[in-house]
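A.B. asks:
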Amino acid sequence: MTIASRITLFLSLCILGSSLSSCEAAFLLEYPLEKILDCVLFDECPQPRNVEPKPHIIYRPPAEQAVSDYYSNINSSNYQTSWRSLSSHFQENSTGYSSYKHWWDKQVKRVDVLNTYRISANSYYSTVDVRLRYLMSSNREIEQILRFNLIWDKHTSCWLINSIERL
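All residue numbers for the sequence shown refer to this note's numbering, where the first residue is 294 and numbers rise by one.
Here it is in structure tokens:
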């Protein structure tokens, strides 16, 4: 590479350097200007070190929030939204959307989430215990503790309720 080509490359990198991602610019910025000039003028360029890429971190909201949101949608009569919070496995093992909607619309006035407690969690599964108070259409109140098993859906980037069991 000619000196003119290297100087052009150097100036291009200086001008475009601010638009490089931090990973791309790190190689340039970890060397003093003199070393970069040596590289450009005398072809004495340092070789990049073998750096392992940083893991891609994906934000996942707490599964407890997904359960609270589920009941918030039910209390707001957003039954289609709450139904979509259930995994296909859960939906297929239920009596269907019509009976689901009928139950929440006709039998239950409101559900209060009293507290949530995360039992276990990793990137793909979470288990949450939830203490609930149901106010039924008959004005009867029922308190219940349920265990929610949730799975992470990478397509919607949401926690889905995969199963519920009474404790």
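Yeah, the Cβ is synthetic: ideal placement off N, Cα and C, and Gly gets one too.
For clarity, every value in this text was computed on a predicted model and none was experimentally measured.
1) Span of the alpha helix (DSSP H) holding residue 373?
2) Quick one: Cα of residue 394 to Cα of residue 383, how far?
3) Can you find the residues in the same chain that come closer than 6 Å, C-beta to C-beta, to residue 458, ignoring five residues on each side of it along the sequence?
4) Report yes or no: do three or more beta-carbon pairs, one from the segment 420-429 and one from the segment 349-365, lie closer than 8 Å?
5) From the DSSP secondary-structure annotation, give me the bridge partner or partners of residue 434.
6) Report the CB separation of residue 413 from residue 445 in whole angstroms; it is logged as a contact under 8 Å.
7) Helix, strand or coil, according to DSSP, for residue 447 in the structure here?
8) With respect to the beta strand (DSSP E) encompassing residue 413, which residues constitute its N-terminal and C-terminal limits?
9) With 16 as the cutoff for other CB atoms within 10 Å, does residue 367 come out buried or exposed?
10) Suppose contacts are defined by Cβ-Cβ distances below 7 Å. Is residue 403 in contact with residue 379 by that definition?
11) If residue 390 and residue 375 are in contact, beta carbons under 8 Å, what's the gap, nearest whole angstrom?
12) What is the rounded straight-line gap between the Cα of residue 455 and the Cα of residue 360?
13) Can you give the Cα-Cα distance for residue 405 and residue 426, rounded to whole angstroms?
C.D. replies: Based on what the coordinates show:
1) Under the DSSP assignment, residue 373 falls in the alpha helix (DSSP H) whose first and last residues are 372-377.
2) Their Cα atoms are separated by approximately 15 Å.
3) Excluding residues within five positions, the ones whose Cβ falls inside 6 Å are 440.
4) Judged by Cβ distances under 8 Å, the segment 420-429 makes contact with the segment 349-365, as three or more pairs qualify.
5) According to DSSP, residue 434 bridges with 428.
6) Contact doesn't hold; Cβ gap of about 13 Å is too wide.
7) Residue 447: coil per DSSP, three-state reduction.
8) Secondary structure note for residue 413: its beta strand (DSSP E) is the uninterrupted segment 401-414.
9) The residue in question, residue 367, is buried, as its Cβ has 16 or more Cβ neighbours within 10 Å.
10) No.
11) Contact between residue 390 and residue 375 fails: their C-beta atoms lie close to 10 Å from each other, not under 8 Å.
12) Here the alpha carbon of residue 455 sits roughly 11 Å from the alpha carbon of residue 360.
13) Rounded to whole angstroms, the gap between the alpha carbons of residue 405 and residue 426 is 5 Å.
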